[in-house]
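K.L.:
Mind having a look at this structure? Questions to follow.
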Ligand code: PEP
Ligand code: MG
């Protein structure tokens, strides 16, 4: 099977009825970028910039950040890269940032993390903004913000980047040709404001890892709950389905970048909901391409509509049986 997946490297993820699915990879370290060539993926849909911070003994200086971002962009060539600003704080605590911390949190996943921290102590994000803007000189820069819960948080984060862009411009620095701003959707509240969010953003990426834990109030790191809340549950699938038509209507590309998209059955269901962009762990690219190439999109769209109208208790079982019947 491994040989089969490797052989798919140069084959596009197109369904049997001719629908092209965009398959990108999630990355975070310099070496991850090699996965683009190994897998033949369409780009990096999620570059987790906090990895550099987590593996460093001290706060990475702007030059070091900039060097990493430039290396990543260079290795990606023409393929798009979406840089997510640091998602730290809470359980991804940095020892050298302790002085910023106001103490232990009882619920770090729902705590003072990611953009919440970055907007209040904005020195860190200003430095990162400059590093990203300078690294992407002469190219397109795509920036994505984590843990946005309300549209104003996106506005503030974007304004911070635009202010840094102006500072660099005033100093005569070379800048990106274009800067595109997007957000993760991983806090359910944001979905309730989709109509207000969509006109503001250039792209949207659903983080189903956090979204699931918040939707079900179930800690994603607790092994006791790992089997309990299925990504194929009607609640999650119906939640995701609601996002698709508004995003299409607003012409905002919608991707799923949580681990869910890297599992063939889940990815099949996502395609059935109308999601056609996935950003997944590199090892999953081969299996996902193989699934896509064996799938009839119209058939899974109809099947998802049927199943979600009156969901069976065992959605996973129903989809497994359907896939077998269809030879997916
Ligand atoms: C997510 O929450 O689904 C996601 C992709 O981000 P992370 O796993 O880094 O929290
Ligand atoms: Mg997340």
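Numbering (the UniProt record's numbering), first residue to last: 429 to 756.
We put the CB at the ideal spot given by N, CA and C, even for glycine.
1) Three or more C-beta pairs closer than 8 Å, one from the segment 549 to 561 and one from the segment 589 to 603: is that the case here?
2) With contact counted as at least three CB pairs below 8 Å, one residue from each stretch, are the segment 680 to 694 and the segment 702 to 711 in contact?
3) Just how far apart, CA to CA, sit residue 633 and residue 581?
4) Evaluate residue 527 with the Cβ neighbour count: other Cβ atoms within 10 Å of its Cβ, from every protein chain shown; 16 or more gives buried, anything less gives exposed.
5) If you measure from the CB of residue 614, is any heavy atom of ligand 1 nearer than 6 Å?
6) Just mark residue 524 as buried or exposed, buried being the case when its beta carbon has 16 or more other beta carbons within 10 Å.
7) For residue 594, count the other beta carbons within 10 Å of its own beta carbon; 16 or more makes it buried, fewer makes it exposed. Which is it?
8) Less than 7 Å between the beta carbons of residue 747 and residue 666, yes or no?
9) If we count the other Cβ atoms within 10 Å of its Cβ and call it buried at 16 or more, is residue 676 buried or exposed?
10) Does the beta-carbon distance from residue 510 to residue 572 come in below 7 Å?
11) Under the assumption that residue 596 contacts residue 562 (Cβ atoms under 8 Å), give the Cβ distance between them as a whole number of angstroms.
12) Taking DSSP as the reference, what is the three-state secondary structure of residue 613?
13) I'd like the list of long-range same chain contacts for residue 657, defined as Cβ closer than 7 Å, with 5 residues on each side in sequence excluded.
14) Whole angstroms are fine: how far does the CA of residue 532 sit from the CA of residue 461?
15) Can you check DSSP and say which residues form a bridge with residue 688?
16) Got a sec: does ligand 2 put a non-hydrogen atom nearer than 6 Å to the Cβ of residue 635?
17) Is DSSP giving residue 454 helix, strand or coil here?
18) Got a sec? Which residues, its chain only, sit under 7 Å from residue 478 by beta carbon, not counting five neighbours each side?
19) For residue 752, does the count of other Cβ atoms within 10 angstroms reach 16, so buried, or fall short, so exposed?
20) Please state the DSSP three-state secondary structure of residue 527.
21) Counting along the chain, where does the alpha helix (DSSP H) carrying residue 719 start and finish?
22) Using the rule of at least 16 other Cβ atoms within 10 Å of the residue's Cβ for burial, across every protein chain shown, is residue 586 buried or exposed?
23) Give the range of the beta strand (DSSP E) segment to which residue 642 is assigned.
24) Kindly identify the DSSP beta-bridge partner or partners of residue 745.
25) Using only the heavy atoms of ligand 1, determine whether one of them is closer than 6 Å to the beta carbon of residue 517.
26) For residue 546 versus residue 538, is the C-beta distance shorter than 7 Å?
27) Taking residue 435 as the reference, give the member of 466, 488 and 457 with the closest Cα.
28) Applying the criterion that 16 or more other CB atoms from any shown protein chain within 10 Å of the CB defines a buried residue, is residue 432 buried or exposed?
29) Quick one: Cα of residue 496 to Cα of residue 743, how far?
30) With C-beta atoms as the reference, is residue 506 less than 7 Å away from residue 568?
31) Leaving aside the five residues before and after residue 729 along the sequence, list all residues of the same chain whose C-beta is less than 6 Å from its C-beta, in chain order.
32) For residue 617, which residues from the same chain have a beta carbon less than 6 Å from its beta carbon, with the 5 sequence-adjacent residues on both sides left out?
P.N.:
Looking at the coordinates:
1) Yes: at least three Cβ pairs fall under 8 Å.
2) yes
3) One-based indexing of the chain shown puts residue 633 at position 205. One-based indexing of the chain shown puts residue 581 at position 153. One C-alpha to the other measures close to 16 Å.
4) Numbered from its first residue, the chain shown carries residue 527 at position 99. The predicted model places residue 527 with a pLDDT of 46, which falls under 50 and marks its position as unreliable, so this point remains unresolved.
5) The sequence position of residue 614 within the chain shown is 186, counting from 1. Checking every heavy atom of ligand 1 against the Cβ of residue 614, one is found closer than 6 Å.
6) Against the chain shown, residue 524 aligns to sequence position 96. Exposed is the call here.
7) Looking up residue 594 in the chain shown gives position 166. Residue 594 should be labelled exposed.
8) Here residue 747 refers to the residue found at position 319 of the chain shown. Here residue 666 refers to the residue found at position 238 of the chain shown. Not a contact, by the Cβ cut-off of 7 Å.
9) Here residue 676 refers to the residue found at position 248 of the chain shown. Residue 676 is exposed by the Cβ-count criterion.
10) Here residue 510 corresponds to residue number 82 of the chain shown, with the count starting at 1. Here residue 572 corresponds to residue number 144 of the chain shown, with the count starting at 1. Yes, Cβ-Cβ distance for residue 510 and residue 572 is below 7 Å.
11) Residue 596 sits at position 168 when you count from the first residue of the chain shown. Residue 562 sits at position 134 when you count from the first residue of the chain shown. The Cβ separation is near 7 Å, so the contact holds.
12) To locate residue 613, count along the chain shown from 1; it is residue 185. Here residue 613 sits in strand by DSSP.
13) The residue you call residue 657 lines up with position 229 of the chain shown. Excluding sequence neighbours, residue 657 sits near 640, 644 and 646.
14) Indexing the chain shown from 1 puts residue 461 at position 33. Indexing the chain shown from 1 puts residue 532 at position 104. For residue 461 and residue 532, the distance between alpha carbons rounds to 35 Å.
15) Residue numbering aside, residue 688 sits at position 260 when the chain shown is read from its first letter. None, per the DSSP bridge assignment.
16) Counted from its first residue, the chain shown places residue 635 at position 207. Result yes, Cβ under 6 Å from ligand 2.
17) Position 26 of the chain shown, counted from the first residue, corresponds to residue 454. Of the three classes helix, strand and coil, the one that applies to residue 454 here is strand, per DSSP.
18) Residue mapping note: residue 478 aligns to position 50 of the chain shown, counting from 1. Result list for residue 478: 514, 515, 516 and 520, in chain order.
19) Within the chain shown, residue 752 is the residue found at index 324, counting from 1. Burial is judged here by how many other beta carbons sit within 10 angstroms of a residue's own beta carbon; residue 752 has fewer than 16 and is exposed.
20) As a working note, residue 527 is residue 99 in the chain shown. Legend: pLDDT at residue 527 = 46, less than 50; position of this residue unreliable, no value from coordinates given.
21) Here residue 719 refers to the residue found at position 291 when the chain shown is read from its first residue. Taken as a continuous stretch (DSSP letters only), the alpha helix (DSSP H) holding residue 719 covers 713 to 721.
22) Within the chain shown, numbered from 1, the residue matching residue 586 stands at position 158. Buried.
23) As a working note, residue 642 is residue 214 in the chain shown. Residue 642 -> not in any beta strand (DSSP E); alpha helix (DSSP H) instead, spanning 636 to 643.
24) For the purposes of this step, residue 745 is taken as the residue at position 317 of the chain shown. None; residue 745 has no bridge partner.
25) Position 89 of the chain shown, counted from the first residue, corresponds to residue 517. Checking every heavy atom of ligand 1 against the Cβ of residue 517, none is found closer than 6 Å.
26) Here residue 546 refers to the residue found at position 118 when the chain shown is read from its first residue. Here residue 538 refers to the residue found at position 110 when the chain shown is read from its first residue. No, they are not a contact pair.
27) Along the chain shown, read from residue 1 onward, the residue named residue 435 stands at position 7. Answer by Cα proximity: 466.
28) Locating residue 432 in the chain shown gives position 4, where the first residue counts as 1. The residue is exposed, with fewer than 16 neighbouring Cβ atoms inside 10 Å.
29) Counting from one through the chain shown, the residue named residue 496 turns up at place 68. Counting from one through the chain shown, the residue named residue 743 turns up at place 315. Distance between the alpha carbons of residue 496 and residue 743 is about 42 Å.
30) Looking up residue 506 in the chain shown gives position 78. Looking up residue 568 in the chain shown gives position 140. No, these two residues do not count as a Cβ contact at 7 Å.
31) Against the chain shown, residue 729 aligns to sequence position 301. These residues qualify, in order along the chain: 700.
32) For this step, residue 617 is matched to residue 189 along the chain shown. Only 577 meet the Cβ criterion.
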